[in-house]
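Asks: Residue numbers (the numbering used here): 411 to 553.
The beta carbon of each residue, even a glycine, is placed where N, CA and C say it ideally should be.
Shown below is the structure under consideration.
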């Protein structure tokens, strides 16, 4: 591997990456083969449910190779799925759009703990952070 040329962060649907203007602008301008990138991402994301929005960090090297780091979906995605809502509240704190249970928060926390960089965090702290985010998008946390 040669020196790092750039790092790009994006969100792509698991198993459904296809050459598109969004990917082309982010990756193609760095000299990467877009089809090769899409194939590598789709292969690496086969363990996830199709079309789940995955957070991806692409490290591009000077020799036009790349490294993929695929993280779990955003916490807000999990919270909205758990509550069964499409969008968060327009006025969080004043209006509540759904409920999530502590059990659901712990399940989300366990998934988030598998992300790179989360090894040093404890589950209780992660769950507290997820509960705060749930309230910030207009979800009640119920026992």
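Between residue 543 and the rest of its own chain, which residues show a CB-CB distance below 7 Å, the 5 nearest in sequence each way excluded?
Replies: Result list for residue 543: 485, 486, 489, in chain order.
Asks: On a CA-only basis, which of 527, 444, 418, 508 is nearest residue 552? Give me that one, please.
Replies: Measuring from the Cα of residue 552, the nearest candidate turns out to be 508.
Asks: How long is the line joining the alpha carbons of residue 498 and residue 545, rounded to whole angstroms?
Replies: Going by the C-alpha atoms only, they are around 10 Å apart.
Asks: Look at the alpha carbon of residue 528 and the alpha carbon of residue 535, and state the distance between them as a whole number of angstroms.
Replies: Distance between the alpha carbons of residue 528 and residue 535: 11 Å.
Asks: With distances taken between CB atoms, is the gap from residue 549 to residue 510 smaller than 8 Å?
Replies: Yes, the pair counts as a contact, with Cβ atoms nearer than the cut-off.
Asks: So residue 461 and residue 424 are in contact, right, with Cβ under 8 Å, and what is the actual spacing, rounded?
Replies: That belief holds up - the Cβ atoms of residue 461 and residue 424 are roughly 6 Å apart, short of 8 Å.
Asks: Report the rounded CA-to-CA distance for residue 477 versus residue 502, giving the unit in angstroms.
Replies: Going by the C-alpha atoms only, they are around 38 Å apart.
Asks: Apply the 10 Å Cβ neighbour rule to residue 445 and answer buried if 16 or more other Cβ atoms are within range, or exposed otherwise.
Replies: By the neighbour-count rule (16 or more Cβ atoms within 10 Å), residue 445 is not buried but exposed.
Asks: When you compare each of 547, 417, 516, 430 to residue 440 by their alpha carbons, which one comes out closest?
Replies: Per the Cα distances, 417.
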